[in-house]
Every structure is written in C-alpha cells, then in structure tokens.
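Read the structure below first, then the notes.
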Amino acid sequence: MSDRKILVTGASGKLGAQVVESLLKDLGVKPSQLIVTTRNAERLQTLAAQGVEVREADFFSAASLENAFQGADSMLLISMDATGPRTQAHLNAVAAAEKAGVDHIVYTSMGAAQSSPVVFAHEHAATENAINQSAIANATILRNNWYFENLPEYFASVLQTGHWLSSAGEGRVAQLSRKDLAFAAASALVKPAQGKVTLAMNGPQSLTHADMAKLIDKVLGTSTTMVHLTDEDYQAQLESFGLPAPIVDLCVTMDQHNRAQCSDGTSEAFETLTGKQPQPFEAWLQEHKADLIKLVA
Ligand SMILES: NC(=O)c1ccc[n+]([C@@H]2O[C@H](COP(=O)([O-])OP(=O)(O)OC[C@H]3O[C@@H](n4cnc5c(N)ncnc54)[C@H](OP(=O)(O)O)[C@@H]3O)[C@@H](O)[C@H]2O)c1
C-alpha cells in the first residue's frame, strides 16, 4: 500500500461510511492516509478519534473546497443525494479538485448517464463531462447500477402491499448492493490510476422486475402480484396515491430507463476492479431477510 492521500466526500452518508469502512478494514489503508469531508465535522468524530483527518467542505461554497481538497492524491466525489442544484455543486467540487492538484478523481455516476430518461440523469452527465474535460490526469467514473437497498428504502410498498406496480415491462436491471458499490469505489481509490475510464458497476444477474418478485417470494414467503402498466397508467396510479409530482416523475422515468435496458449489463468491470463477484439478489435477500420481513404486511 502506497502512502498516497485518499479523500472521501460524503463520508457521513450511507454510501460514504461504507467506502471508508472498506478502505480501512478491507483494503489496509492507514487512518493517517485518509481525509474525509463533511459540512459538520462533529458528524465524523468517531473517525477523527481513529486518526482520520476530518475537514469541513460544502459543495456550495467553492472557496471552502480548494482548501478542503488540498494534499489529496486520490479523491472520491460522492454525488449529492438531492436533485436540482446539485449540478453546480458537483461542478464546484470538480473545479476545486483540479485546482488543488488532485491526481485521480473517482465519481459515483449512474447507468447510461448520458442517454437515460431519468429526471436527474442530466446532473450526472454534466458532472461526467466536467471531469472528462478537466485537467485532472486520471478519472474513474463509476456508473453505479440501482441498489438492492432501494427495495426497502424507496419501494417498500412492494413488500407492504404485495403489489409491484411497474411500467418497466421486460427491462432487465443488473442491481447490486450498496456494500458492493462501496467496495468498488474504495478499490478504485487504491488502484494505480489509469487515465480516464468509465466503468459500469453491475450486479451478477440482470433481472426483470418479475424475476425479482419471484426471488422475493421465494426467500420471504410472500406472494407478489406484478401489475404491468403503461407509463401513463403508472403515473396516474402514483398521482392517485397523493405522491408529490417530483417523486412521480422519478418513478415513471426510472421505469422508462429500466424498460429501455439502460441498467442492463454484466458484472465484468466490477470483477476486474475489485477481484471479487458482487452478491446476487437472492443472497442479499437472505442476508437481510429478518429486516425485510418486518416490512411485509
Ligand atoms: N443507484 C442507486 O440506486 C442509488 C440509491 C440511493 C442513493 N444513490 C446515490 O448515492 C449517493 C450517496 O447516497 P447516500 O445514500 O450515501 O446519501 P446520504 O446518506 O443522504 O448522504 C449524503 C452525503 O452527501 C453529503 N452532502 C450533502 N450535501 C452536501 C453539500 N452541500 N456539500 C458537501 N457534501 C454534502 C452529506 O455530507 P454532510 O451532511 O456530512 O455534509 C452526506 O455525507 C447519492 O448521490 C444518491 O443519489 C444511488
């Protein structure tokens, strides 16, 4: 392991915390090699106590960023979990990384970022473009597929109601776990830089929603009914539940994306990057069965 300084933004978040854990526990990075950023240093006191350097950085404060990124050789820019203003926030972070002399930037993008119909895809596309056009010598753009965790965190209604409303049709999605994606990001940070590359981070199987429903039923003992809808009917159903318009748009465009096979793919790039196979959906369901069962009505 070299003594390169590694910086992780968003280290207090769900993905960032797992990246930091992978760096320290799985990949042998020393706490003294690691810099983590947050808008509020108190959130990362536990890491500070372990000898990790904690710096404050707000993507909306361009001035704060250059100092915060100073001395970092490899840096992970975790996309902000907010749509709308995040393009400018990300562009601020890329510009600051360039000015601070970062040698390798890793970015968490999404599948088919340049062509996807998902409402927020343009934000990832703009960030990818800024990274590729920057003077930063090396970049690893990780086009992360959807997380298995979206099932309990955003689509728990599938488990709660036993009905999966979908306009994705026969679209295949190579989902994987957040933990595997965190390990992939950590692996990219410690690997020797290799110019600018864009890698699709996919799970080991590409499944339709109906395939996933069958595996959910097999592991959880549920009986999920697939409700296949057109985009228009899916939108009308979601609106009838009183969901806010941005959430409706997100769900409908996600299924357009899935139907267009924008998240189809294989896990070769993941395996080359990490040296391991990502966890299959059925194994993930088994691992989290006790928590998932609690969501079932
Ligand atoms: N592919 C998928 O299926 C999928 C699913 C879920 C999420 N995601 C994406 O994964 C990314 C990480 O998600 P997560 O679940 O880890 O998010 P999270 O737990 O909500 O954490 C968000 C992180 O962003 C940081 N942040 C927010 N605003 C910031 C700002 N103005 N300046 C600097 N840092 C800021 C926060 O840091 P502080 O509060 O400490 O400053 C926090 O660490 C997001 O882009 C999200 O969209 C993808």
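Read the sequence shown against my numbering and you will find it ends at 1301, with the numbers running on by one and no gaps.
Backbone N, C-alpha and C fix where the C-beta goes; we use that ideal spot for every residue, glycine too.
No experiment lies behind these values; they were computed from the predicted model shown.
Please tell me whether, using a cut-off of 7 Å, the distance from the CB of residue i to the nearest non-hydrogen atom of ligand 1 is below it.
| i | result |
| --- | --- |
| T1202 | no |
| F1285 | no |
| D1253 | no |
| F987 | Nothing can be reported for residue 987, as the shown portion of the chain is limited to 1005 through 1301. |
| Y1151 | yes |
| I1082 | yes |
| D1085 | yes |
| T1050 | no |
| R1043 | yes |
| L1038 | no |
| A1015 | yes |
| T1112 | yes |
| N1071 | no |
| N1142 | no |
| K1183 | no |
| A1076 | no |
| R1147 | no |
| G1207 | no |
| G1269 | no |
Between residue i and residue j, what straight-line distance do the alpha-carbon atoms span, to the nearest angstrom?
| i | j | result |
| --- | --- | --- |
| N1136 | A1143 | 7 Å |
| A1129 | S1181 | 23 Å |
| H1261 | V1056 | 39 Å |
| A1061 | G1269 | 35 Å |
| R1059 | L1163 | 40 Å |
| N1226 | I1220 | One point to set straight first is that residue 1226 is Thr, not Asn, in the sequence displayed. Approximately 7 Å between the Cα atoms of the pair. |
| Q1241 | R1090 | 29 Å |
| W1168 | S1267 | 19 Å |
| Q1283 | T1042 | 30 Å |
| F1159 | M1258 | 12 Å |
| V1040 | V1194 | 15 Å |
| F1152 | L1289 | 9 Å |
| A1273 | A1076 | 26 Å |
| I1232 | L1038 | One detail in the question is off: residue 1232 reads as His in this sequence, not Ile. Whole-angstrom Cα-Cα distance: 47 Å. |
| S1036 | N1154 | 34 Å |
Go ahead and pull the three-state DSSP assignment for residue i.
| i | result |
| --- | --- |
| T1013 | coil |
| L1247 | coil |
| H1128 | helix |
| R1059 | strand |
| K1298 | helix |
| V1201 | strand |
| S1227 | coil |
| V1023 | helix |
| H1292 | coil |
| L1095 | helix |
| A1043 | A quick correction: the sequence has Arg, not Ala, at residue 1043. Looking at R1043 - three-state DSSP - the assignment turns out to be coil, as it is neither helix nor strand. |
| T1234 | coil |
| V1340 | An answer regarding residue 1340 cannot be provided, because it is not within the stretch 1005 to 1301 covered by the chain. |
| R1090 | helix |
| L1031 | coil |
Would the beta-carbon of residue i fall within 8 Å of that of residue j?
| i | j | result |
| --- | --- | --- |
| H1108 | A1186 | no |
| L1296 | L1224 | yes |
| S1120 | T1131 | no |
| A1097 | F1063 | yes |
| S1138 | G1207 | no |
| M1084 | A1093 | yes |
| L1277 | A1188 | yes |
| V1256 | D1237 | no |
Which whole-angstrom value is the C-beta distance of residue i and residue j, which I expect to be below 8 Å?
| i | j | result |
| --- | --- | --- |
| A1217 | M1230 | 6 Å |
| Q1022 | K1183 | 6 Å |
| R1047 | S1026 | Going by Cβ atoms, the distance from R1047 to S1026 rounds to 19 Å, so no, they are not a contact pair. |
| A1100 | E1070 | 5 Å |
| L1031 | A1190 | 6 Å |
| V1106 | I1140 | 6 Å |
Does any heavy atom of ligand 3 sit closer than 7 Å to the C-beta of residue i?
| i | result |
| --- | --- |
| K1280 | Looking for ligand 3 in the displayed structure turns up nothing; the ligands present are ligand 1. |
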